[in-house]
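Residue numbers (the numbering used here): 11 to 297. Heads up, the beta-carbon is just placed ideally off N, CA and C, and yes, glycines get one too. Computed from a prediction, not measured in an experiment: that's the story for all the values here. A quick write-up on the structure given underneath.
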Amino acid sequence: MNIEEIKKKIQIILELPQLKPFGGIYMNPVLEEAKVAKIEKENRITLPADYRTFITQIANGCVGPDYGLRSLKEATEDLMWKDRTIDLSTPFPYTEHWNEEEWLNSIDWDGGERPTQEEVESYMDTKRISGCLQICHIGHGASYLLVVNGKEKGYIWLDSRQDYGGLSPEFNEKGEKLTFEMWYTDWLNKVVAPEKVWFEKSLQFIKKAFPKIEETDFRLMIYVLHKHYSGMNLATLIAQLYGLNPMDIYFGKEKFIQREKYDEQTIQQYEARLRESGFYDWAAEEE
């Protein structure tokens with residue numbers, strides 16, 4: 011696990027929360043090694059090495075998929091039954107997708123038939139996810155599980171019982187089962203993809219230079235910025251800033267970048283504000 015690389019990317023999200031507009035932006039302190047060892051001893055388990063490294067050296071809960079990573083303590087609390095704790099000392103009972111197919115198919119859903127309370131409680135019983143941490147709440151009761159005890163130890167599973175979808179192992183595009191590190195870093199790399207970070211950083215610097223962007227001239231802004239961006243990137247950026255159609259900007263770019271169209275003093279004012287914001291220094295580093 012590349013600890014420093016993961017920390018760096020999490021920090022990017024903390025600085026640019028617009029990269030993840032849903033689920034909260036936070037980073038809890040790490041968990042002390044002694045406390046982790048105590049929990050492992052009490053539950054007669056050893057946490058998967060990648061997850062253990064994460065909570066002791068990066069964060070014990072932080073920004074992540076959907077509602078984010080829960081702390082170790084939170085992950086032992088059943089999301090569906092708030093007063094129930096998941097039994098980590100008992101092995102997770104499944105090795106492949108599980109659901110009550112026969113029972114579910116016997117119900118006349120279209121006719122208005124529904125499971126009894128007893129059937130629902132059995133289906134949603136915390137024992138179904140023994141040996142697992144509910145590390146991430148997806149929403150509407152669904153969650154990602156990390157198996158910490160049993161044959162599937164170390165792998166991520168999806169708990170979608172709230173929609174009667176059962177329990178399923180998670181796979182990547184290659185058909186490989188996902189470990190905690192694979193699952194989290196795959197999500198992290200998508201969120202902080204270079205093009206996304208570039209775009210949000212651009213917006214951040216420009217809005218810092220021009221807090222009242224609506225009072226500026228988008229044509230002049232195109233002229234001032236055009237040397238730093240390719241045509242479509244510039245069009246997308248200006249469209250986002252001013253609420254315009256990016257294609258209109260893209261195809262009209264040439265008529266906006268003629269210096270004689272603009273007052274020299276105003277050009278200098280725009281450039282000075284961008285320089286003060288740190289935009290030019292950042293743009294030079296990105297080139």
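In this chain, leucine 79 is not harboured by any alpha helix (DSSP H), its DSSP state being neither H nor E.
In the DSSP assignment, tryptophan 197 falls within the unbroken alpha helix (DSSP H) covering 190-201. Shown here, valine 130 sits in a helix according to DSSP, grouped into three states. For glutamate 210, no pairing in a beta bridge is given by DSSP. Between glycine 151 and leucine 89, the gap from beta carbon to beta carbon is short of 8 Å. As summarised for the segment 56-109, the continuous alpha helix (DSSP H) elements at least 4 residues long and confined to that stretch are 59-67, 82-85, given in chain order. Per DSSP, the continuous alpha helix (DSSP H) segment holding tryptophan 113 begins and ends at 111-115.
Segment contact: the segment 128-138 against the segment 185-194, fewer than three CB-CB distances shorter than 8 Å; contact not assigned. Taking C-alpha positions only, serine 287 is separated from aspartate 273 by approximately 22 Å. In this structure, the alpha-carbon of tyrosine 36 lies about 38 Å from that of glutamine 279.
Judged by DSSP in its simplified three-state form, lysine 222 adopts coil rather than helix or strand.
Take glutamate 123, set aside five residues on each side of it, and the residues of its chain with a beta-carbon closer than 8 Å to its own are Ile117, in chain order. In the three-state reduction of the DSSP assignment, methionine 11 falls in the coil class, being assigned neither a helical nor a strand state.
Taking a C-beta distance under 8 Å as the contact criterion, valine 73 and lysine 17 do not qualify as a contact pair. DSSP places serine 287 in the uninterrupted alpha helix (DSSP H) bounded by 274-287.
For aspartate 169, the pairing in a beta bridge is given by DSSP as Ser153, Leu177.
Bounds of any alpha helix (DSSP H) do not take in lysine 30, whose DSSP letter is neither H nor E. Counting every other CB atom within 10 Å of its CB across the protein chains shown gives tryptophan 91 a total below 16, marking it as exposed. Relative to the Cα of lysine 45, the nearest Cα in the group Asn70, Asp60, Gln28 belongs to Asn70. If you look at threonine 246, you'll find it in the alpha helix (DSSP H) that goes 241-252.
Between isoleucine 259 and alanine 245, the beta carbon gap of about 4 Å places them in contact (Cβ cut-off 8 Å).
Setting aside the 5 residues that flank it on each side, glutamine 67 is surrounded in the same chain by Ile13, Val40, each with a C-beta closer than 8 Å to its C-beta; the list follows chain order. For leucine 41, there is no enclosing alpha helix (DSSP H), as DSSP marks it with neither H nor E. In this structure isoleucine 166 is in contact with tyrosine 154, their Cβ atoms being roughly 6 Å apart against a cut-off of 8 Å.
Rounded to whole angstroms, the separation of the alpha carbons of methionine 242 and arginine 171 is 44 Å. Under the DSSP assignment, valine 234 falls in the alpha helix (DSSP H) whose first and last residues are 228-235.
In the three-state reduction of the DSSP assignment, isoleucine 23 falls in the helix class, which pools H, G and I. Going by beta carbons, valine 158 and leucine 26 fall outside the 8 Å limit.
For glutamine 144, the beta-bridge partners assigned by DSSP are Leu155.
An exposed status is given to alanine 203, since fewer than 16 other beta-carbon atoms sit within 10 Å of its beta-carbon.
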